[in-house]
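Student: Structure in structure tokens, see below.
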Amino acid sequence: MERISVNGGFIQTKHALKLGIHQRTLQKLVEEKRLEKVSRGIYRIPHTPLANPDFFTVATRIPKGVICLISALSFHRLTTQIPHSVQIALDRQSETPRLDWPPLSVHRFSGRAFHEGIEVHKIDGAVVKIYCPEKTLADCFKFRNKLGMDIVLEALKLYCSKRKRKLNDLYKYAEICRVNNAIHPYLETLAYS
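Here's what the structure looks like:
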């Protein structure tokens, strides 16, 4: 238990094996309620406080995924929406992940649209990749018909009301996502009014 406590109260099966903790030992600790199974291959000490358990699980189980769209808007405090699933971006060639919990919404991106604008955050001891606010807004404009224009405009208004906005970056990501013409009139109205 000491080795698990050092790791923020979490451990993956592959890390436990490297530390000399056998999988049967993990199962016994779960049976004794000294450990909880969070997801397949992820365990935690009961009552370990979590800032975002869904992001933790997704980041540890799908390390190539990037948090995007409404999930990223929520992280950056650019929406009042509560995501019903964790929305992740994956490269077009990536295998579709299998995850029992949390619910996932997988979006396929390619090239620069996938690789640009990724920020790395440490959440609950896990390395979580999330698109920056500007890339997230460009992606939301790209998916505006699926998300709803009200959600996209709310996010843009909240972004434009912030002091630290990077309009040049927003235009750069809008170009990468090919939504320049769609985003430009809204930015002209909101950012410069």
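Here my numbering runs 42 ahead of the position in the sequence shown, where the first position is 1.
Note that the Cβ used here is the ideal one computed from N, Cα and C, for glycine as well.
Remember, predicted model here, so these are calculated numbers, not experimental data.
Under a Cβ-count criterion, where at least 16 other Cβ atoms within 10 Å of its own Cβ denotes burial, should P145 be classed as buried or exposed?
Tutor: Classification for P145: exposed.
Student: Starting from the N-terminal side, write out each stretch of the alpha helix (DSSP H) that is 4 residues or longer and does not extend beyond the segment 117 to 180.
Tutor: 153 to 157, all fully within the segment 117 to 180.
Student: Can you have a look at P102 and say buried or exposed, based on whether 16 or more other CB atoms are within 10 angstroms of its CB?
Tutor: It is Thr, not Pro, that sits at residue 102 in the sequence shown. By the 10 Å Cβ count, T102 comes out buried.
Student: So who's on the other strand from V108, going by DSSP bridges?
Tutor: Partner(s): A131.
Student: Report yes if the C-beta distance between P175 and H226 is below 7 Å; otherwise report no.
Tutor: No.
Student: Looking at C-beta atoms only, is the number of pairs between the segment 123 to 133 and the segment 145 to 155 that lie closer than 8 Å three or more?
Tutor: Output reads yes: the segment 145 to 155 touches the segment 123 to 133.
Student: Just to confirm, are A224 and F185 a CB contact at a threshold of 7 Å?
Tutor: Cβ atoms of A224 and F185: not closer than 7 Å.
Student: Take K164 as the anchor and find which of A197, N222, R76 and P105 has the nearest alpha-carbon.
Tutor: With distances taken between Cα atoms, K164 lies closest to P105.
Student: Go ahead and label K79 buried or exposed: buried means 16 or more other beta carbons lie within 10 angstroms of its beta carbon, across all protein chains shown.
Tutor: Under this definition K79 is an exposed residue.
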